[in-house]
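A.B. asks: Have a look at this one before I ask anything.
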Amino acid sequence: MSCFSFTATRDWCYRSIFTKSGLRSTITDLGDGTVIHCWVPKTRKESKPNLLLIHGFGANALWQWGDLIPYLVPYFNVYVPDLLFFGDSYTTRPERTESFQAQCVMRVMEAKSVKKMSLIGLSYGGFVGYSMAAQFKEAIERVVICGAGVCLEEKDLEKGLFKVSHIEDAASILLPQTPEKLRELLSYTFYKPPRGLPSCLLNDFIQVMCTEFVEERKDLIRAIPKDRKLSELPTIPQPTLIIWGDQDKVFPVELAHRLKRHLGEEAQLVIISNAGHTFIIEKPKETFKYLKSFLIDN
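The working numbering numbers the first residue of the sequence shown as 39 and each following residue consecutively.
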């Protein structure tokens, strides 16, 4: 006998939050074998600035941004895409880099007639957002990087900066296919991971969230460190806020300081205490306080 699907029910709740917050679901066919799903404002208000939210690995965009959406929609026209191979977004093209993801997201924003925007990139989404800021300098006004190790280098894996020393180990944790691997993922991402979760519940989450496009997502992970060198990472000109949990076990806080040094005076760094990689879920109010100060009050 199978469990009641808590994951599907929670997904419905987040979908309801997005809808009640004035967002609607859209599909954009880019015409080259690439289709992108994106939540967009039902009614865009020209008096509000535009804000793009780019999710990371793990649960879908609904889960990752659901706690922050109600805080943000009073101030912004909010856009929330599913990256390629997440949600209802996919491509038949072979590219797997964050640069290609960035180009696809930008094409969607252009299709929605959004010419200027700020963005928040969470974890893998921070890699994509950073690439957008580097490629489309005129369109991106302000950048928030949340726990995204864009300054990592390929050699960091071998040198022991991370808990895992091989990219395939990282992929098996980030794309859990068993309850044991999902528990391991939770232990990496949360400062205080939830305890005592039954395997039934974890299996339900895996079935709903982690079984589609597994190989394609592994390719996305493999592409991140490949030939990556800090000396070849462009600096971005936009005012940038870097937010990190001080207990982040996915991307160690050293990478936050490395990014601040790389960007120099244009960047602000905020470290949230007693928070892990998922600080947006663990401390949404504190996170919003910093976002508001940087994106709204400036």
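For each residue, glycine too, the CB sits at the ideal point set by N, CA and C.
For residue 63, list the residues DSSP reports as bridge partners.
C.D. replies: In the DSSP assignment, residue 63 is bridged to 77.
A.B. asks: For the candidate residues 183, 76, 280, whose alpha-carbon lies nearest to that of residue 123?
C.D. replies: Here the closest residue by C-alpha is 76.
A.B. asks: Find out if the Cβ-Cβ distance for the pair residue 249, residue 142 is shorter than 8 Å.
C.D. replies: no
A.B. asks: Is the beta carbon of residue 96 within less than 7 Å of some heavy atom of the ligand COA?
C.D. replies: Among the ligands in the structure shown, none appear at all, so the ligand COA cannot be discussed.
A.B. asks: Could you compute how far the alpha carbon of residue 334 sits from the alpha carbon of residue 150?
C.D. replies: 23 Å
A.B. asks: Which of helix, strand or coil does DSSP assign to residue 215?
C.D. replies: Under the three-state reduction of DSSP output, residue 215 falls in the coil class, being neither helix nor strand.
A.B. asks: Take the Cβ of residue 321 as the centre, count every other Cβ of all protein chains shown within 10 Å, and call the residue buried at 16 or more, exposed below.
C.D. replies: Residue 321 sits buried, since 16 or more C-beta atoms from the chains shown fall within 10 Å of its C-beta.
A.B. asks: By the three-class DSSP mapping on this structure, what secondary structure does residue 283 have?
C.D. replies: strand
A.B. asks: Starting from residue 159, follow the beta strand (DSSP E) in both directions and report where the run begins and ends.
C.D. replies: 155-160
A.B. asks: Exposed or buried, what is residue 114 when buried is set at 16 or more other beta-carbons lying within 10 Å of its beta-carbon?
C.D. replies: buried
A.B. asks: For residue 184, report the span of its beta strand (DSSP E) as first-last.
C.D. replies: 178-184
A.B. asks: By DSSP's criteria, residue 119 is part of a beta bridge. Which residues make up the other side?
C.D. replies: DSSP output for residue 119 lists 76 as bridge partner(s).
A.B. asks: What residues match up with residue 226 in a beta bridge as DSSP calls it?
C.D. replies: DSSP output for residue 226 lists no bridge partner at all.
A.B. asks: Measure the alpha-carbon distance for residue 145 versus residue 265 and round it to whole angstroms.
C.D. replies: Distance between the alpha carbons of residue 145 and residue 265 is about 26 Å.
A.B. asks: In three-state terms, what does DSSP make of residue 129?
C.D. replies: strand
A.B. asks: With respect to the beta strand (DSSP E) encompassing residue 306, which residues constitute its N-terminal and C-terminal limits?
C.D. replies: 305-310
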